[in-house]
Amino acid sequence: MKTTLKEIYVLLALMLVIFSSSTTSTTGKSDTPPKVIVAYVTSGSSIMPDPAYMTHINYAFGHVNDSFNGVRIDNPDRLKQIVSLKRKKPSLKVLLSIGGWGSGRFSEMAATAKNREQFAEECRQIVNEFNLDGIDLDWEYPTSSAANISSSPDDTDNFTLLMKDIRGAIGKEKLLTLASAASAKYIDFKAIDPYVDFVNIMAYDMATAPKHLSALYPSEHSGRLTSDEAVKRHLAAGCPKHKLVLGMPFYGRGEKNKIPDFIDYKEIEKLTGFTTLWDERGQVPYLVDSIGQLVCGFENPRSLTIKCQYVKDQGLLGAMYWEYNCDNEAGDLRKAVYETIMH
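Positions -25 to -1, 1 to 318 (mature numbering (1 follows the signal peptide of the UniProt record, and there is no 0)) are the ones given, in order, by the sequence shown.
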């Protein structure tokens, strides 16, 4: 029997399918971890987030308690409401984020083995009580008192011990993440790597007007740091790229005499009397006043799409944003993030 050219093509196609199947893991899944989209959702908002556009929610915030050995949660009822979203989307992961700018008592808590162990045990109890998927630590920052909190030169080492204790308490099946300064300072990333699932880079507030708060690349209007530089610094510090999540702001930083220092994207859209320009080098938009001065740096769907494509091109784990309530009612920002990261 003669073999036709068509039959040869069919045979080659079948061989290609078989070969492709053999390159996946024995579990049938790709070796590449699925991308994540982490949305910070705050305790003070009454808006319920739409879980369709995220994979993880970090609930902000919990705090170290006054006795340095446990956790105090802002608005626990709101946290329960957020967890209830898992009924709508069972794959959604909800974590309690402990800390935030100006949230103190970390240094005292982490300084002794007894306090760390009690704190870690309370993290475990909270995870179980609220049916959480893990804990996110947002200590801003070990060894630094910039936020008017106590600090110690031993904080970095104690942070590593704290992460080890929390991991031991909550177990391997739960998530343990952290928020990291764009500079990649304050934390020994190589030391914490065995305990941490991923790192959320706070690649915003890197400057204020008349500079960009979150430029992707350097430009005449960027600050000392950019998102690209923040990623490079974390890689250099020993954080593997498959554990890096790039943070993005859903707000702007304004020139205080003309625009609020912190302003939600939904409010930026309503501003009048300013012109929106695009920084081709920095890959971000900005507002200028009548004399052409940069008075507000921010993100829009265009810049977030570019940033999220950068995340994919660099092989990072995903994107994070602060915070959900800053988006407009149509969800233009969260949709831009989701469409780019997940497709």
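The C-beta atom is built at its ideal place from N, Cα and C for all residues, glycine as well.
The residues K68, L70, D108, G109, D172, in chain order, have a CB closer than 7 Å to that of L150 in the same chain once the five nearest residues on each side in sequence are set aside. DSSP places S155 in the uninterrupted beta strand (DSSP E) bounded by 150 to 156. Beyond the five residues adjoining it in sequence on each side, E92 comes within less than 7 Å, by CB distance, of D140 in the same chain, given in chain order.
Here the alpha carbon of Y296 sits roughly 30 Å from the alpha carbon of D129. Look at A305 here: in three-state DSSP terms it is coil, with no helix or strand label. Around the beta-carbon of E255, fewer than 16 other beta-carbon atoms lie within 10 Å, marking it exposed. For I110, the enclosing beta strand (DSSP E) starts and ends at 109 to 113. Its chain contains K233, F249, V270 as the residues whose beta carbon lies nearer than 7 Å to that of D264, once the 5 sequence neighbours on both sides are disregarded; these appear in chain order. About 6 Å separates the Cβ atoms of N175 and V13, confirming a contact at the 8 Å cut-off. Across the set K231, F43, A144, D203, the C-alpha of F43 shows the shortest separation from the C-alpha of S78.
Close CB contacts of A212 within its chain, under the 6 Å cut and outside five residues either way in sequence, are with A159, F164 (chain order). Here the alpha carbons of L136 and K89 stand approximately 12 Å from one another. In this structure, DSSP gives P65 a state outside helix and strand, which the three-state scheme calls coil.
Secondary structure note for I12: its beta strand (DSSP E) is the uninterrupted segment 11 to 17. Using a 10 angstroms sphere on the CB of L219, the tally of other CB atoms reaches 16 or more, which defines it as buried.
By the neighbour-count definition (other C-beta atoms within 10 Å, threshold 16), Q258 is a buried residue.
Counting only residues of its own chain and dropping the five nearest sequence neighbours on each side, C98 has a CB closer than 7 Å to the CB of V46, I110, I141, A144, I145. The beta-carbon distance between L188 and G272, rounded to whole angstroms, is 5 Å. This is short enough to meet the 8 Å contact definition. Per the coordinates, the alpha-carbon of F81 lies some 12 Å from the alpha-carbon of A95. Between G229 and A157, the C-beta gap is not smaller than 8 Å, which leaves the two residues out of contact.
In this structure, DSSP gives Y313 a helical state, which the three-state scheme calls helix. The three-state secondary structure of G143, taken from DSSP, is helix.
The beta carbons of A178 and M223 sit about 7 Å from each other, so the pair counts as a contact at 8 Å. The C-alpha of K55 is placed about 16 Å away from the C-alpha of I73. If you draw a straight line from the Cα of L200 to the Cα of T30, it comes to about 28 Å. With distances taken between CA atoms, D302 lies nearest to L279 out of H318, Q289, K287, L279.
In this structure, DSSP gives M177 an extended state, which the three-state scheme calls strand.
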